[in-house]
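The structure appears right after this line, and notes come after that.
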Amino acid sequence: MNQSKVGVVGLGYVGLPVAVAFGKHFPVIGFDINEERITTLKQGYDTTKEVEPFELLTSNVFFTTAPSLLSECDYIIVAVPTPLDAYNLPYLEPILKASKMVGQHIKPGATVIFESTVYPGLTEEECLPLLERFSHMKAGTDFFIGYSPERINPGDKQNNFTSIMKVVAGMDELTTEKIAQLYRTVVKAGVHKAPSIKVAEAAKVIENTQRDINIAFMNEVAMLLDAMDIDTKAVLDAASTKWNFLPFTPGLVGGHCIGVDPYYLAYKAKEYQVTPKMILSGRDINNNMANYMIHKILQEMKNQNMTVKGAVVTILGITFKPNVPDIRNTQIVKVIHELKVRGMNVQVHDSYADKAQVLEQFGIELMPYNELMPANIVVLATPHQQYIRQYDEKFPFTHLLKGNKSIMFDVKHMSLKAMKHNNYKVVANQAVL
Ligand SMILES: NC(=O)c1ccc[n+]([C@@H]2O[C@H](COP(=O)([O-])OP(=O)(O)OC[C@H]3O[C@@H](n4cnc5c(N)ncnc54)[C@H](O)[C@@H]3O)[C@@H](O)[C@H]2O)c1
1 MNQSKVGVVG
11 LGYVGLPVAV
21 AFGKHFPVIG
31 FDINEERITT
41 LKQGYDTTKE
51 VEPFELLTSN
61 VFFTTAPSLL
71 SECDYIIVAV
81 PTPLDAYNLP
91 YLEPILKASK
101 MVGQHIKPGA
111 TVIFESTVYP
121 GLTEEECLPL
131 LERFSHMKAG
141 TDFFIGYSPE
151 RINPGDKQNN
161 FTSIMKVVAG
171 MDELTTEKIA
181 QLYRTVVKAG
191 VHKAPSIKVA
201 EAAKVIENTQ
211 RDINIAFMNE
221 VAMLLDAMDI
231 DTKAVLDAAS
241 TKWNFLPFTP
251 GLVGGHCIGV
261 DPYYLAYKAK
271 EYQVTPKMIL
281 SGRDINNNMA
291 NYMIHKILQE
301 MKNQNMTVKG
311 AVVTILGITF
321 KPNVPDIRNT
331 QIVKVIHELK
341 VRGMNVQVHD
351 SYADKAQVLE
361 QFGIELMPYN
371 ELMPANIVVL
381 ATPHQQYIRQ
391 YDEKFPFTHL
401 LKGNKSIMFD
411 VKHMSLKAMK
421 HNNYKVVANQ
431 AVL
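In the working numbering, the protein residues as written are 1 to 433.
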């Protein structure tokens, strides 16, 4: 084991921290098809902001776009994206291409471990045949496969790759133990050996589906309480005093996991003629929250006799969650688009998101904070630390508002207390906390 070399295929939010963690114990080949990503990593800069420059520059990871180097590796960990297509169906091209490429370069005796989130069955039904076809070798005798779902939470500096227990599974008992030993060297929290690859795949996908359904329930509750003019946050504070009340909150669900993985499970369910009613209704509710937010903003403008056309709106935060630069499937973009369609003058600020990426993907030009015009409406959409720090000030955000008829929408309900001290109307949006 000590002499082993580890390869990591796909160096994004998941793959890079994995490569760097293994790089503390083994020589590592870090492979990605994105040349720009490899160039910046070699320079010690991680655009996902998960790994510090010092760690990158001192890690024992050789960053490359040359797949042939994978033939030196005893273990190859695959962490490529598993997104959806335009019809919310699994888009498997990246993982299938990666399997083919690994097959072309894998050496006899090596073990391939998939970390990408997939539906139960994908590793053995789709990836394994490609590995066999392109390596001209037989799995189980010439090379081995396994699955170990990734549970990291980007932006979370406490729960990270080494501090979260790792579920591992191999194609047979021996492979499972070999994979367990490999991860034990880096994961301080330990490993859990699942009885099969399908079990490990299913465990990951239901973890995220459970979160999606719980958030959907909170969103439904919040819309109901809002209609009844009952403060959602006060209700959650009260309910949370019970020991087994789960601490979920309403909100927009974006990103590459919670809003995506349930569709992988639903896709597979249909193959078995099982109708995934709860899974899909959770998705439906969460997908509609951006529309609900637009409705709330327009409703409040009407209550204030505010003219919609030409109103200046400031959106604070465009990433799908706080303190990360990840803009994948961010739902706030739907809100921005709809407000613009209605003739509002929308300005967006986010110092975490990459300016060029936001422009390329959404056609939105991010504004520097000190150039934001005073606005009729300010929407605190993603409570980055930078914004939250302002709650310590006496009149947070008031400098961004136009006058005392302006409205502040606090999507996550963070500023309610602070904003009570001033004259501005605060809609601490009970339904979209
Ligand atoms: N981001 C998360 O919070 C998170 C958490 C747990 C699990 N996951 C899962 O991990 C997987 C990876 O997600 P991510 O967030 O790291 O994605 P990402 O988009 O941040 O990174 C993926 C990387 O893979 C590279 N890539 C794409 N195709 C490739 C190929 N054929 N060969 C080599 N490299 C290739 C891309 O260039 C990119 O750098 C997904 O299945 C995701 O569902 C993500």
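C-beta atoms are modelled at their ideal positions from N, C-alpha and C, and glycine is treated no differently.
Since the structure is predicted, the reported quantities are computational estimates derived from the model, not experimental observations.
Can you pull the DSSP bridge partners for residue 168?
The sequence position of residue 168 within the sequence shown is 168, counting from 1. Residue 168 is bridged to 193.
Between which two residues does the alpha helix (DSSP H) carrying residue 237 extend?
Within the sequence shown, the letter at position 237 stands for residue 237. Its alpha helix (DSSP H) spans residues 232 to 239.
Tell whether a beta-carbon distance below 8 angstroms holds between residue 35 and residue 82.
Position 35 of the sequence shown holds residue 35. Position 82 of the sequence shown holds residue 82. No.
Since residue 14 and residue 102 should fall inside the 8 angstroms C-beta cutoff, what is the C-beta to C-beta distance between them, to a whole number of angstroms?
For this step, residue 14 is matched to residue 14 along the sequence shown. For this step, residue 102 is matched to residue 102 along the sequence shown. Wrong, their Cβ atoms sit about 16 angstroms apart, outside the cutoff.
Say the cut is 7 angstroms; is the CB of residue 31 nearer than that to a heavy atom of ligand 1?
Residue mapping note: residue 31 aligns to position 31 of the sequence shown, counting from 1. True, at least one ligand heavy atom lies under 7 angstroms from that Cβ.
So what does DSSP say about residue 142, is it helix, strand or coil?
Walking along the sequence shown from the start, residue 142 turns up at place 142. If DSSP states are grouped into helix, strand and coil, residue 142 belongs with coil.
Can you tell me whether residue 521 sits near ligand 1, meaning its C-beta is under 7 angstroms from at least one heavy atom of the ligand?
With the chain covering only 1 through 433, there is no way to say anything about residue 521.
Give the straight-line distance between the Cα atoms of residue 131 and residue 301, rounded to the nearest whole angstrom.
As a first step, residue 131 is located in the sequence shown; it is residue number 131 there, counting from the start. As a first step, residue 301 is located in the sequence shown; it is residue number 301 there, counting from the start. The alpha-carbon atoms of residue 131 and residue 301 are separated by roughly 58 angstroms.
Would a C-beta distance cut-off of 8 angstroms place residue 189 and residue 203 closer than the cut-off?
Taking the first residue of the sequence shown as 1, we reach residue 189 at position 189. Taking the first residue of the sequence shown as 1, we reach residue 203 at position 203. No.
Between which two residues does the beta strand (DSSP E) containing residue 136 stretch?
Along the sequence shown, one-based indexing puts residue 136 at 136. No beta strand (DSSP E) contains residue 136, which DSSP labels as neither H nor E.
Using beta-carbon positions only, say whether residue 304 and residue 157 come within less than 8 angstroms of one another.
Mapped onto the sequence shown, residue 304 falls at position 304. Mapped onto the sequence shown, residue 157 falls at position 157. Result no, Cβ atoms of residue 304 and residue 157 do not sit closer than 8 angstroms.
Give the straight-line distance between the Cα atoms of residue 419 and residue 119, rounded to the nearest whole angstrom.
By one-based count along the sequence shown, residue 419 stands at place 419. By one-based count along the sequence shown, residue 119 stands at place 119. Low confidence applies here, because residue 419 scores a pLDDT of 48, under 50, leaving its location unreliable; read the following figure in that light. Taking the straight line from one Cα to the other gives about 45 angstroms.
What is the rounded straight-line gap between the Cα of residue 339 and the Cα of residue 211?
The residue given as residue 339 occupies position 339 in the sequence shown. The residue given as residue 211 occupies position 211 in the sequence shown. One C-alpha to the other measures close to 29 angstroms.
Starting from residue 32, trace the alpha helix (DSSP H) in both directions and tell me its first and last residue.
For the purposes of this step, residue 32 is identified with residue 32 of the sequence shown, where counting begins at 1. Looking at the DSSP string, residue 32 is not in any alpha helix (DSSP H), and its letter there is neither H nor E.
If you count every other CB in all the chains shown that lies within 10 Å of the CB of residue 223, and 16 or more means buried, which is it?
Within the sequence shown, the letter at position 223 stands for residue 223. So residue 223 ends up on the buried side.
For ligand 1, is there a heavy atom less than 7 angstroms away from the beta-carbon of residue 10?
As a first step, residue 10 must be located in the sequence shown, where it is residue number 10. Yes.
What three-state label does DSSP hand residue 430 in the structure shown?
The residue you call residue 430 lines up with position 430 of the sequence shown. The pLDDT assigned to residue 430 is 38, lower than 50, so where the model puts this residue is not dependable; a value taken from the coordinates is nonetheless given after this. Residue 430 falls in the coil class under three-state DSSP.
Out of 363, 253, 360, state which residue places its alpha-carbon closest to the alpha-carbon of residue 331.
For the purposes of this step, residue 331 is identified with residue 331 of the sequence shown, where counting begins at 1. Here the closest residue by C-alpha is 253.
Pull the bridge partners of residue 225 from the DSSP assignment, please.
Looking up residue 225 in the sequence shown gives position 225. According to DSSP, residue 225 bridges with nothing at all.
Look at the Cβ atom of residue 312, then the Cβ atom of residue 376, and state whether they are nearer than 8 angstroms.
For this step, residue 312 is matched to residue 312 along the sequence shown. For this step, residue 376 is matched to residue 376 along the sequence shown. Yes, the pair counts as a contact, with Cβ atoms nearer than the cut-off.
Over what stretch of residues does the alpha helix (DSSP H) that includes residue 263 continue unbroken?
Mapped onto the sequence shown, residue 263 falls at position 263. That run of the alpha helix (DSSP H) goes 261 to 271.
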